[in-house]
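In what follows, a single structure is set out as structure tokens and then discussed.
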Amino acid sequence: MLPVKIKFPQDEQAHDKIIEWWYWNGNLQDKAGNRYAFMDCLFQVKPMKVNLPFIKIPLEKAYFSHSILSDVKKQKAYPAIDYVSFLSRDSFRRPLLFIDYIDANFLDGYTVSSMAEIAPFKYRLIAKNFDLLLTAVKKPLLEGGSGYLNLGKRRTYYYSLTNLKTEGVIKIKGKEIKVTGKSWTDHQWADAPYAKDKWNWFSLQLDDNTEMVCFELDIKGEKKTLADISYPNGKTEHLTGVIFTPIGKEWASAKTKAKYPLNWQIEIPAKKIKLQVAPLVKNQELIFGTLNYWEGPLAVSGKFGNKPASGYGFLELVGRPSQYGAYDFMKDNLRQTIKNFGKKIK
4 MLPVKIKFPQ DEQAHDKIIE WWYWNGNLQD KAGNRYAFMD CLFQVKPMKV
54 NLPFIKIPLE KAYFSHSILS DVKKQKAYPA IDYVSFLSRD SFRRPLLFID
104 YIDANFLDGY TVSSMAEIAP FKYRLIAKNF DLLLTAVKKP LLEGGSGYLN
154 LGKRRTYYYS LTNLKTEGVI KIKGKEIKVT GKSWTDHQWA DAPYAKDKWN
204 WFSLQLDDNT EMVCFELDIK GEKKTLADIS YPNGKTEHLT GVIFTPIGKE
254 WASAKTKAKY PLNWQIEIPA KKIKLQVAPL VKNQELIFGT LNYWEGPLAV
304 SGKFGNKPAS GYGFLELVGR PSQYGAYDFM KDNLRQTIKN FGKKIK
């Protein structure tokens with residue numbers, strides 16, 4: 004069967020697939036020039052088919068969300084991992100994307116979150132630590148040229164909005180900070196479990212309004228690489244033959260003992276592209292049950308063609324071995340529950 008062509012705004016909505024996610028990231032700054040970053044992602048899964056051991060529940064669909072806010076100057080990250088998200092009745096029932104949901108933490112309160120397209124390709128994103136308005140500067144980038152990727156053992160629909168002008172408010176320890184910046188969004192859906200796959204994924208936004216998404220996917224030793232470029236004039240290009248080289252010392256998590264290579268060189272010899280990326284905040288590990296991954300903002304430098312390049316981006320590393328098991332997960336959650344309960348009764 005031939006893949007279905009992606010259409011907008013229809014395909015911004017939910018699909019009947021094993022897994023799907025609506026993902027956002029951004030690099031921001033306040034009026035004083037202090038830098039911040041955020042990531043926010045809502046997942047939709049079929050619990051009996053996706054390979055996540057702790058959500059094998061007999062439901063047709065389940066939702067959960069992850070977000071993280073980073074303060075670059077203070078080298079602090081504020082993650083929010085929610086295992087259950089409850090969607091409103093009118094989610095996915097409007098002509099444009101609208102998802103309204105509650106992230107439930109029964110002893111630590113509730114967070115009302117939203118991903119709403121308030122006009123074509125203009126969005127309002129509300130989460131625990133931010134309220135942002137994002138406006139697309141470019142048309143969608145369809146990965147691989149069509150938005151349908153055949154990666155051997157994995158096939159997926161995938162598009163991005165690579166340049167979202169951003170303004171709004173972030174909250175750190177109760178303090179509201181006005182920010183502006185540039186964001187990115189991905190939407191991906193597939194009949195694939197993903198849980199045991201390994202990947203290195205980068206979204207890069209250069210200062211001249213060139214953007215590039217590139218990744219290396221490793222499925223049981225079978226590797227696939229891809230890069231998609233959006234140029235300042237809106238032209239796009241889709242390339243293989245990407246070389247990813249970790250450089251420098253790996254960062255090791257004190258909690259999971261997982262080791263993450265955070266400094267990379269990315270090369271595309273056919274286009275004379277050689278970029279180096281470095282983390283803005285190192286401690287950006289996210290732990291979801293017994294699964295761990297690294298997600299955080301980057302500084303970008305190097306050469307793009309024959310010109311010097313600089314900018315910012317995001318890195319996601321999935322599939323690094325961890326020593327954090329089910330016992331550790333239960334112990335940590337019990338400790339946090341007791342701590343939260345103590346706060347409630349004071």
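With the numbering used here applied, the sequence shown closes on residue 349, and no number is skipped along the way.
Built from N, CA and C at the ideal position, the CB exists for glycine as well.
Bear in mind the structure is a predicted one, so any value in this text is a computation, not a measurement.
- By Cβ distance below 8 Å, which residues in the same chain neighbour K34 in space, the five residues on each side in sequence not counted? Around K34: K181.
- Note down, in chain order, each residue of its chain lying with its Cβ closer than 6 Å to the Cβ of K125, except the 5 sequence neighbours on either side. Sequence-distant partners of K125 (beyond 5 residues in either direction) whose C-beta falls short of 6 Å from its own C-beta, in its chain, are T138.
- Message: Can you give me the C-alpha to C-alpha distance between D221 and W204, rounded to a whole angstrom?
- Response: Distance between the alpha carbons of D221 and W204: 11 Å.
- Query: By how many angstroms is the C-alpha of D74 removed from the C-alpha of G251?
  - Reply: Going by the C-alpha atoms only, they are around 23 Å apart.
- Item | Distance CB(G184)-CB(L31) smaller than 8 Å | Cβ distance < 8 Å, so G184 and L31 count as in contact.
- How would you call M51, buried or exposed, if buried means at least 16 neighbouring beta carbons within 10 angstroms? Flag for M51 reads exposed.
- Item | Beta-carbon proximity of N153 to Q208, cut-off 8 Å | For N153 and Q208, no; Cβs fall outside 8 Å.
- Give me the Cα-Cα distance between Q191 and V48, rounded to the nearest whole angstrom. Answer to the nearest angstrom: the Cα atoms are 12 Å apart.
- Rounded to the nearest angstrom, how far is the Cβ of I22 from that of V53, given a contact under 8 Å? I22 to V53, Cβ: 5 Å. Contact.
- Message: Between the region 285-302 and the region 310-323, can you find at least three pairs of beta-carbon atoms closer than 8 Å?
- Response: These segments touch.
- Quick one: any contact between the region 254-267 and the region 233-241, if contact means 3 or more CB pairs under 8 Å? Between the region 254-267 and the region 233-241 there are fewer than three inter-stretch CB-CB distances shorter than 8 Å, so the stretches are not counted as touching.
- Query: Going by the beta-carbon positions, is the gap between A119 and F101 smaller than 8 Å?
  - Reply: Yes.
- Can you have a look at K141 and say buried or exposed, based on whether 16 or more other CB atoms are within 10 angstroms of its CB? Sixteen is the threshold: when 16 or more other Cβ atoms of the shown chains lie within 10 Å of the Cβ of K141, as they do, the residue is buried.
- Please classify E15: does DSSP put it in a helix, a strand, or coil? Judged by DSSP in its simplified three-state form, E15 adopts helix.
- Message: If you reduce the DSSP assignment to three classes, tell me which class I348 lands in.
- Response: Interpretation of I348 is limited by its pLDDT of 49, a score under 50 that renders its predicted location unreliable; the figure taken from the coordinates is listed afterwards. Here I348 sits in helix by DSSP.
- Task: Would you mind working out which of M215, D194, A193, V172 sits nearest E164, comparing C-alpha positions?
- Result: In the sequence on display, residue 164 carries Leu and not Glu. Out of M215, D194, A193, V172, M215 has the C-alpha closest to the C-alpha of L164.
- Enclosing beta strand (DSSP E) for K238 [first to last residue]: Note, K238: premise wrong, no beta strand (DSSP E); not H, not E.
- Looking only at its own chain, which residues have a Cβ that is under 7 Å from the Cβ of G314, when we skip the five neighbours before and after it? Excluding sequence neighbours, G314 sits near L207, Q208, L209, D210, V303.
- Message: Counting C-beta neighbours from all protein chains within 10 Å, is the total for A193 16 or more, i.e. buried, or is it exposed?
- Response: By the Cβ-count criterion, A193 is buried, with 16 or more other Cβ atoms from all chains shown falling within 10 Å of its own Cβ.
- Does the beta-carbon of T159 have 16 or more other beta-carbons within 10 angstroms, so that it is buried, or is it exposed? Buried is the call here.
- Query: Which one or two residues does DSSP pair with Y296 in a beta bridge?
  - Reply: Looking at the DSSP assignment, Y296 forms a beta bridge with L289, V321.
- Message: For a test of the three-state rule: what should DSSP assign to G314, helix, strand or coil?
- Response: DSSP places G314 in strand when its eight states are reduced to three.
- Message: Buried or exposed for F344, going by 16 or more other Cβ atoms inside 10 Å?
- Response: Confidence is the limiting factor: at F344 the pLDDT is only 45, short of 50, which leaves the residue's position unreliable and the question unanswerable from this model.
- Going by C-alpha distance, which of I246, Y39, E63 is nearest K77? Across the set I246, Y39, E63, the C-alpha of Y39 shows the shortest separation from the C-alpha of K77.
- Message: Please classify Q287 as buried or exposed, where buried requires at least 16 neighbouring CB atoms within 10 angstroms.
- Response: Counting Cβ neighbours within 10 Å, Q287 comes out buried, since at least 16 surround it.
- Task: Assuming G308 contacts K275 (C-beta within less than 8 Å), just tell me the rounded distance between them.
- Result: The pair is a contact, with the Cβ atoms about 5 Å apart (cut-off 8 Å).
- According to the neighbour-count rule (16 or more other Cβ atoms, all chains shown, within 10 Å of its Cβ), is T248 buried or exposed? Around the Cβ of T248, a 10 Å sphere holds fewer than 16 other Cβ atoms; the residue is exposed.
- On the three-state DSSP scale, how would you describe A273? Here A273 sits in helix by DSSP.
- Under the three-state reduction of DSSP, which class applies to G148: helix, strand or coil? In this structure, G148 counts as helix in the three-state DSSP scheme.
- Are the beta-carbon atoms belonging to P6 and L99 less than 8 Å from one another? Cβ distance not < 8 Å, so P6 and L99 don't count as in contact.
- Keeping to the same chain, check which residues put their C-beta closer than 8 Å to that of A80; ignore five residues upstream and five downstream. I71, L72, S73, D74, V284, N286, Q287, G299.
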